[in-house]
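Here is the structure we will look at.
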């Protein structure tokens, strides 16, 4: 069904491109040719790899820092009251502003790029994980206290399983948000990566190459979703499906 | 505020709670416990019996170390750091871990891989070791909770109405199972219940509490070994209990 749906889209695209031939609207076959030539030259895999590394680094950073802050705010009411305005403030700063400021303050380097992307995502993670922490069942914590679970066991067996749906939600929205911001970061201040290449082809008006890069990247993200995220979710919620 | 005496090797459980009060939402205080004093001998099975809402669960929470906002002192049996086997009103198994994982997680790290075959088979859980709690009936989940409490080889066993909301035959089966695992390795045990028949079947001693604020009205010792307590004996015990505490408590 998924294949059929995508197939129909490609056919429609092909028909459109044949009816209104234009340099700025290439047919799917041309995009495929560009994709192949860019792949054999090694440009596409290299830039794709660089971008994926940035996505992964920002994602891990944002999830870790955001989760820790979120759990702390969710479990300390006073701290939450104090810091909540900060969270709202950071939630509403446009991504572009954070990126530009990071480049100005920390220079056009990798750390500034990844930091800026992570900073854009952290407030979202904080809000989601704070909700999750508020929804924790205190009775499990009491059970853990009576049976003297150590800190690591509490984290692994009490806290993380209860937060799992919230972690999944934050990751899902996180990946899609982060990879879009990474492209902007690359466009503004990096000399490689998919975002940089797209900017380059924009100046050359090479729409086929832009589409080739975009589709390649989307395909990779789809692959990650199907092969990594969904099976992971499947195993971690195994206990949920069978009810007595 | 209070002293949580745990030092030294103490054989028995000593409870001496002078006062425990809750703050109500309208700003007043509700006194729950007042001068609650009792002791439980080593390896004795005691039941706390009292009207509902009299503070039985609160007492147990204090003993479990979950509530330290009270005046008085308690002393748990065993070494300085008594190991508590707790069976809560709800089974409180982790839904995302299997029965066996739930039991093993409660055991301190060095002994975590200990052999649990005997315990599981006495409780009839051998086939359910790899089940998730959601796949168990309430009765089976309660058994798993009992297995967890006993697997840690506790210095004291604290049970909070572990047989409520089960049908009578299941509850009775569970009581027999509890007795058989407990007698394999006796330990000081304190069970909260509002079921007099249950107390008479299980206990060496019944501690009768008053209405709120709770204090001990009296003790009812049952020295007869449990295997001599047949229906006739239990009926006699019930009668003499009701004579002793006539009018004090609402008979079940």
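Chains as they are written, first to last, in the working numbering: chain A, 1 to 244; chain B, 1001 to 1252.
Glycine included, C-beta positions come from ideal geometry on N, C-alpha and C.
Just to confirm before moving on: does the CB-CB distance between residue 138(A) and residue 91(A) stay below 7 Å?
It is not a contact, given that the beta carbons lie outside the stated cut-off.
Helix, strand or coil for residue 1111(B) per DSSP?
Helix at residue 1111(B).
Looking at C-beta atoms only, is the number of pairs between the region 152-160 of chain A and the region 203-210 of chain A that lie closer than 8 Å three or more?
Judged by Cβ distances under 8 Å, the region 152-160 of chain A makes no contact with the region 203-210 of chain A, as fewer than three pairs qualify.
Give me the Cβ distance between residue 1160(B) and residue 1192(B), rounded to the nearest whole Å; I'm assuming they're in contact under 8 Å.
Their Cβ separation, rounded to whole angstroms, is 5 Å, which keeps residue 1160(B) and residue 1192(B) in contact under 8 Å.
Please state whether DSSP places residue 1025(B) in a helix, a strand or coil.
Coil at residue 1025(B), not helix or strand.
Evaluate the contact criterion for the region 187-202 of chain A versus the region 211-227 of chain A: three or more CB pairs, one atom per stretch, below 8 Å.
Yes, they touch.
Of the residues 1228(B), 1082(B), 1150(B) and 1069(B), which one's Cα is nearest the Cα of residue 1018(B)?
Ranking 1228(B), 1082(B), 1150(B) and 1069(B) by Cα distance to residue 1018(B) puts 1069(B) first.
Count Cβ pairs between the region 1056-1063 of chain B and the region 1221-1240 of chain B that sit closer than 8 Å; are there 3 or more?
At 8 Å Cβ cutoff, the stretches do not touch.
Just to confirm, does residue 164(A) get its C-beta within under 6 Å of one of the non-hydrogen atoms of the ligand PLP?
Of ligands this structure carries none, so the ligand PLP is not represented either.
What are the residues that DSSP puts in a beta bridge with residue 1193(B)?
Paired residue(s): 1049(B).
Pull up the CB-CB distance for residue 1147(B) and residue 1120(B), whole angstroms please, since I reckon it's below 8 Å.
With a Cβ gap of about 7 Å, residue 1147(B) and residue 1120(B) count as contacting.
State the Cα-Cα distance for the pair residue 1109(B) and residue 1153(B), rounded to the nearest angstrom.
Approximately 13 Å, taken between the alpha carbons.
Quick one, which residues of the region 1075-1088 of chain B are near chain A if we go by CB-CB under 9 Å, in chain order?
The region 1075-1088 of chain B vs chain A, Cβ under 9 Å: 1081, 1083, 1084, 1085, 1086 and 1088.
What does the alpha-carbon distance come out to for the pair residue 184(A) and residue 94(A)?
If you take the alpha carbons of residue 184(A) and residue 94(A), they lie about 12 Å apart.
Report all residues from its chain with a CB closer than 8 Å to the CB of residue 1143(B); omit the five preceding and five following residues, and keep chain order.
Contacts found: 1123, 1124, 1125, 1174 and 1177.
Which residue's Cα is closest to the Cα of residue 162(A): 87(A), 194(A) and 132(A)?
Minimum Cα distance to residue 162(A) is reached at 132(A).
Within a Cβ cutoff of 8 Å, which residues of the same chain sit near residue 1238(B), ignoring the five residues on either side of it in sequence?
Answer for residue 1238(B): 1196, 1197 and 1200, listed in chain order.
If you run the structure through DSSP and keep just helix, strand and coil, what is residue 1233(B)?
Note: residue 1233(B) maps to helix in three-state DSSP.
Below 7 Å on C-beta distance, what does residue 142(A) contact in chain B?
The answer, in chain order, is 1066.
Is there a C-beta anywhere in chain A that falls below 7 Å from the one on residue 1070(B)?
No, because no Cβ of chain A sits closer than 7 Å to the Cβ of residue 1070(B).
Would you say residue 1105(B) reaches chain A, if we count a Cβ-Cβ gap shorter than 7 Å as a contact?
Chain A, which has a Cβ nearer than 7 Å to the Cβ of residue 1105(B), makes this yes.
Of all Cβ atoms in chain B, is any one closer than 7 Å to the Cβ of residue 234(A)?
No, no contact with chain B.
In angstroms with no decimal places, state the Cα-to-Cα distance between residue 40(A) and residue 145(A).
So the alpha carbons of these two residues sit roughly 59 Å apart.
Please compile the residues from chain A whose C-beta is within a distance smaller than 9 Å of the C-beta of residue 1263(B).
Any question about residue 1263(B) goes unanswered here, given that chain B covers just 1001 to 1252.
Mind listing, in chain order, the continuous beta strand (DSSP E) runs of no fewer than 3 residues lying wholly within the region 1122-1193 of chain B?
DSSP runs (the beta strand (DSSP E)) wholly in the region 1122-1193 of chain B: 1156-1160 and 1188-1193.
Between residue 1046(B) and residue 1203(B), which are expected to be in contact by the criterion C-beta below 8 Å, what is the C-beta distance as a whole number of angstroms?
Right, their Cβ atoms sit about 6 Å apart.
Could you work out which residue in 1157(B), 1136(B) and 1151(B) is closest to residue 1117(B) when comparing CA atoms only?
Out of 1157(B), 1136(B) and 1151(B), 1151(B) has the C-alpha closest to the C-alpha of residue 1117(B).
Any beta-carbon of chain A closer than 7 Å to the one on residue 1092(B)?
Chain A, which has a Cβ nearer than 7 Å to the Cβ of residue 1092(B), makes this yes.
Would you check if the distance between the CB atom of residue 1189(B) and the CB atom of residue 1157(B) is smaller than 7 Å?
Going by C-beta atoms, residue 1189(B) is nearer than 7 Å to residue 1157(B).
Please name the residue, chosen from 1053(B), 1092(B), 1222(B) and 1022(B), that lies closest to residue 1138(B) on a Cα-to-Cα basis.
Considering only alpha carbons, the answer is 1092(B).
Looking only at its own chain, which residues have a Cβ that is under 7 Å from the Cβ of residue 232(A), when we skip the five neighbours before and after it?
Same-chain partners within the cutoff: there are none.
Given a cut-off of 7 Å on the beta-carbon distance, is the pair residue 114(A) and residue 54(A) in contact?
In this structure, residue 54(A) lies closer than 7 Å to residue 114(A) by Cβ.
Please list, in chain order, all residues of the same chain as residue 186(A) whose beta carbon is under 6 Å from its beta carbon, the five residues on each side excluded.
If we look at residue 186(A) and ignore the five residues flanking it on each side, its Cβ neighbours are 193, 195 and 196.
Would residue 71(A) pass as an interface residue toward chain B - the criterion being a Cβ-Cβ separation below 7 Å?
It does not; no Cβ of chain B falls within 7 Å.
Starting from the Cα of residue 1127(B), find the closest Cα among 1112(B), 1149(B), 1115(B) and 1099(B) and give me that residue.
It is 1099(B).
Assuming contact is defined by CB atoms lying nearer than 7 Å, are residue 1058(B) and residue 1040(B) in contact in what I supplied?
Taking 7 Å as the Cβ cut-off, residue 1058(B) and residue 1040(B) do not qualify as a contacting pair.
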